[in-house]
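Single-structure report; data block below.
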Amino acid sequence: MRFKLDSSLGFLMNRAANLMRGAIEERLRKYGLTAPQWAVLARLTEEDGLNHSEICRRLFFDKPTITGIVGRLEKKGLVKRLKETKDRRVVAVHLTGRGRRLMEELPSFADEVNRAASRGLKPGEADALKDALRRVIGNLKG
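Heads up: the sequence shown begins at -5 in my numbering, then just goes up one per residue.
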C-alpha cells in the first residue's frame, strides 16, 4: 500500500496542533503573548520556580527556545529569574505579581479552544484520543 500523507498519523497530529495553536495565538494577540509564552506562564502558574531544564522537559521545548521565551517574558515584567540557594549555578524562573495577575485575568480560552476542537466527538472520544496520544508520545520518547 502506498503512503498517503493525508492519512499519516504524524501529519494529522501536526495539522490539529497547528490549528489549535493558531486559535490560541489569535486569542492571545491582544495580550501581547505568543502560545509558547503563554504555555510557560501557565506551567509556572501550576509549578512556580522551575528551572530552564524542568520547563523544557514539561513543555517539550529545547533549551535555546526556553531561554528566549523566558528572556522575553522577563522583559515584559511577567517572570523573574532567581539563582537557587542550593546550587547557585541553577536559575529558577518565578512568576512576578504582574505575571500572576495576567494569568488570573486571561479568559479560559484554552478550554474554549479544546471544546471547539472536540465538538462533534461522542462522549468518551476526547478522553480516548488523549489516552491514545499519550501512548504515541510514550512510544516515541523511548
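Quick reminder that beta carbons are idealized off the backbone N, C-alpha and C, glycines included.
- Looking at the DSSP output, A36 shares a beta bridge with no other residue.
- DSSP places R83 in no alpha helix (DSSP H); its state is neither H nor E.
- Going by DSSP, K124 is part of the alpha helix (DSSP H) stretching over 119 to 135.
- Beta-bridge annotation (DSSP): V73 is paired with L89.
- Residue environment for I131: exposed (fewer than 16 other C-beta atoms within 10 angstroms of its C-beta).
- Annotation: A17 to A126 spans about 23 Å, alpha carbon to alpha carbon.
- For F54, no alpha helix (DSSP H) segment is defined, and its DSSP state is neither H nor E.
- Under the three-state reduction of DSSP, L27 is assigned to coil, being neither helix nor strand.
- Pairwise C-beta distances place the stretch 59 to 72 out of contact with the stretch 7 to 21, as fewer than three of them are shorter than 8 Å.
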